[in-house]
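I have placed the structure first, in the form of structure tokens, so that the comments after it can refer back to it.
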Amino acid sequence: MKAIVAVKRVVDYNVKVRVKSDGTGVDTTNVKMSMNPFDEIALEEAVRLKEKGIVTEIVAVSLGVPQCQETLRSALAMGADRAILVETVAELQPLANAKLLKAIAGRIEPQLFLLGKQAIDDDCNQTGQMLAALLDWPQGTFASKVTLADGRVEVVREIDGGLETVSLSLPAVVTVDLRLNEPRYASLPNIMKAKKKPLDVLTPEALGVDVTPHLKTLKVAEPPKRQGGIKVGSVAELVDKLKNEAKVI
Amino acid sequence: MTILVIAEHDNLTLKPATLHAVTAAVEIGGDIHVLVVGFGAQGAADAAASVIGVSKVLRAESDGYAHLLAEQLAPVIVGLAPGYSHIVATATCAAKNTLPRVAAMLDVAQISDISAIVSVDTFVRPIYAGNALATVASSDFIKVITVRGASFALAAASGGGAVIETVSAGPTPHSSRFVGQEVSPRTRPELTTAKIVVSGGRGMQSGENFHLLDAIADKLGAAVGASRAAVDAGFAPNDYQVGQTGKIIAPELYIAVGISGAIQHLAGMKDSKVIVAINKDEAAPIFQVADYGLIGDLFNVLPELLSELDN
């Protein structure tokens, strides 16, 4: 079966982002970008399913600016077979992403869609669920274990208070959580090989998808700074401060 | 303007998450209805009817709704949606799972995890792990919103007198089915609603050492949390995790023990009223957000703290 993995290019998770002084957004010029960490996990899972002989082809898809090609090359180096970039400089919100991925699904006809549970830039946690809705496929969100057998996928989901297991008929959409696996590093030979793997470039227009944002960002601001705190010298002093100054215990 | 709040419940009782969503709905302004979808959910419906600010409770019952999978819940909400200007739920796992599915079925955007309401169509939400606050305006005819529980107080759970109305349950899709659940036993307050939270990080060194935190938590009536490092190392269960990818909380008092304070952890707790950091590394970033910092070995500090609290 074919699997599609959606990967997003985001500001590297170690970067402390700065809000632009004009309040229009976060400064992303000259900032290190990398693959969204959750998407690495989704891709790793697809590669493992391929290694088990369950998945036959992995198509990595990214949506956005031309530089997303770098993210797709990383995906190819990790084990994806081919890549598709839907190139646009327009702002893409989750609903538009879901529509674009649905259009791609129409061309590839995958049995399984793997996505990260959220992107660490917009922190939306929507695209996978929206894609499942548009395709009218079942969804297994926040997966910490994925098992494919007999035309179904069993997903152990991380929920508030513990774990839940659901069984979904294929085709299905699965979004992955942090604890699903430990993504591999791409080896140098694989990085070289990835340069020769196919990478097709499409546009939203070619896919017939309207990507007009439904939400308009009016302003981006710094969160309020916390007041500087104090260092206490002893446990007794700490307890005294909590009781008598902060009055929280 | 009428707002539909999606109840979170276990059929018998209403979860506090619902009460945060009602507060947000009151702030948006309008008639507030609460939707209880479940199986044998009389208890939850009664509880929802008692919440102050709620004018009507809609109850959809079916044996297919016992475990509320998104594939089942979403069509019920979508069926009711045309009568509403806003669909609101607290950003719990369940709502994060279901509401984007609802939004896409309605062809509208979802506004995730809002922390403030500017107007009926404009909201503030944290992005980049809480390092920036975006003000966004929606042009959709129905606003589908999840709210950050930590940013909205609990609505009063008793004193209200809403009417309960039964709405018809639709067919249950069979593409997904519930297999089982493994829920951690809980004797302490829930992490997301606790007034005090004591959290441990990698510095705890082992899962056994978490009993040091348990003892202090029990003394303070607090919940116990953990950093991702502690969860990954197997010291604490997954659902203890506080941070960008775990729970986002804002208790009165947050005590971070042996936690360095990575961006992703701070995203989950930096709105706490008072933050205490106990760490032996003077340069740990957690001290930059802590109101009270104590530099010391947690294995000496924690027992001392316990005995000091006894006095």
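First to last, the sequence lines map onto chains F and A.
According to UniProt numbering, the first sequence is numbered sequentially starting from 1.
According to UniProt numbering, the second sequence is numbered sequentially starting from 1.
Even for Gly, the Cβ is constructed at its ideal location relative to N, Cα and C.
P189(F) versus A80(F) - alpha carbon distance: On the first sequence, position 189 is the one that residue 189(F) refers to. On the first sequence, position 80 is the one that residue 80(F) refers to. CA-CA distance, P189(F) to A80(F), rounds to 14 Å.
Contacting residues, own chain, Cβ-Cβ under 8 Å from L80(A) (five flanking each side not counted): Here residue 80(A) refers to the residue found at position 80 when the second sequence is read from its first residue. Cβ neighbours of L80(A) beyond the five flanking positions: L4, L35, L58, V167.
Burial state of residue 330(A), where buried means 16 or more other Cβ atoms lie within 10 Å: Since the first residue shown for chain A is 1 and the last is 311, residue 330(A) is missing from the structure and cannot be characterised.
Three-state class that DSSP yields for R186(A) in the structure shown: Translated into positions along the second sequence, residue 186(A) becomes position 186. Of the three classes helix, strand and coil, the one that applies to R186(A) here is coil, per DSSP.
Three CB pairs or more closer than 8 Å across the stretch 103-113 of chain A and the stretch 191-204 of chain A: No: fewer than three Cβ pairs fall under 8 Å.
Pair within 7 Å by beta-carbon distance, E27(A) and T18(A): As a working mapping, residue 27(A) is identified with position 27 in the second sequence. As a working mapping, residue 18(A) is identified with position 18 in the second sequence. With respect to T18(A), E27(A) sits apart: the two C-beta atoms are not nearer than 7 Å.
Coil, strand or helix - residue 278(F) by DSSP: With chain F covering 1 to 249 only, the question about residue 278(F) has no answer from this structure.
Whole-angstrom C-beta distance between T56(F) and R9(F), which should lie under 8 Å: Along the first sequence, read from residue 1 onward, the residue named residue 9(F) stands at position 9. Along the first sequence, read from residue 1 onward, the residue named residue 56(F) stands at position 56. With 8 Å as the limit, R9(F) and T56(F) do not qualify as a contact, their Cβ atoms being about 27 Å apart.
Straight-line Cα distance separating L215(F) from I108(F): As a first step, residue 108(F) must be located in the first sequence, where it is residue number 108. As a first step, residue 215(F) must be located in the first sequence, where it is residue number 215. Rounded to the nearest angstrom, the two C-alpha atoms are 30 Å apart.
Contact with chain A by A221(F), beta-carbon distance below 7 Å: Position 221 of the first sequence holds residue 221(F). The Cβ of A221(F) sits closer than 7 Å to at least one Cβ of chain A.
Inter-residue Cα distance where the pair is E51(F) and E158(F): The residue given as residue 51(F) occupies position 51 in the first sequence. The residue given as residue 158(F) occupies position 158 in the first sequence. Their backbone Cα atoms lie some 25 Å apart in a straight line.
Any 3 or more C-beta pairs closer than 8 Å across the stretch 174-182 of chain F and the stretch 112-131 of chain F: The stretch 174-182 of chain F is in contact with the stretch 112-131 of chain F.
Counterpart residues of L133(A) in DSSP-defined beta bridges: In the second sequence, counting from the first residue as 1, residue 133(A) sits at position 133. DSSP output for L133(A) lists A221(F), P126(A) as bridge partner(s).
Delimiting residues of the alpha helix (DSSP H) encompassing G43(A): Your numbering for residue 43(A) matches position 43 in the second sequence. G43(A) -> alpha helix (DSSP H) spans 42-49.
Inter-residue CB distance, I278(A) and I255(A) (contact presumed, cutoff 8 Å): The residue you call residue 278(A) lines up with position 278 of the second sequence. The residue you call residue 255(A) lines up with position 255 of the second sequence. Sure, about 7 Å apart at Cβ, within 8 Å.
Best match in D113(A), V76(A), V78(A), P82(A) for proximity to T92(A) [C-alpha to C-alpha]: Sequence index remark: in the second sequence, residue 92(A) carries index 92 (1-based). The option with the nearest alpha carbon to T92(A) is D113(A).
A41(A) versus V166(F) - alpha carbon distance: Here residue 41(A) is taken as the residue at index 41 of the second sequence, counted from 1. Here residue 166(F) is taken as the residue at index 166 of the first sequence, counted from 1. Each residue's Cα considered, the two are about 22 Å apart.
Test: E165(A) CB closer than 7 Å to a CB of chain F: As a working note, residue 165(A) is residue 165 in the second sequence. Not a single CB atom of chain F sits nearer than 7 Å to the CB of E165(A).
Alpha-carbon to alpha-carbon, L133(A) and H20(A): Taking the second sequence and counting its residues from 1, the one referred to as residue 20(A) is at position 20. Taking the second sequence and counting its residues from 1, the one referred to as residue 133(A) is at position 133. Near 20 Å, if we compare the C-alpha coordinates of L133(A) and H20(A).
Distance, A194(F) Cα to R73(F) Cα: For the purposes of this step, residue 73(F) is taken as residue 73 along the first sequence, with counting starting at 1. For the purposes of this step, residue 194(F) is taken as residue 194 along the first sequence, with counting starting at 1. Rounded to whole angstroms, R73(F) to A194(F) spans 6 Å at the Cα level.
Beta carbon of A223(A) nearer than 7 Å to that of R188(A): Position 223 of the second sequence holds residue 223(A). Position 188 of the second sequence holds residue 188(A). For A223(A) and R188(A), yes; Cβs fall inside 7 Å.
Rounded distance between the beta-carbons of P223(F) and G258(A), thought under 8 Å: Working through the second sequence from its first residue, we reach residue 258(A) at position 258. Working through the first sequence from its first residue, we reach residue 223(F) at position 223. Not quite, the Cβ-Cβ distance comes to about 25 Å (not below 8 Å), so this is no contact.
C-beta atoms of V51(A) and V22(A) nearer than 7 Å: Looking up residue 51(A) in the second sequence gives position 51. Looking up residue 22(A) in the second sequence gives position 22. If you check the CB distance, V51(A) and V22(A) come in under 7 Å.
Supposed contact pair V120(A) and M1(A) - C-beta distance, whole angstroms, cut 8 Å: Against the second sequence, residue 1(A) aligns to sequence position 1. Against the second sequence, residue 120(A) aligns to sequence position 120. 7 Å between Cβ atoms; contact.
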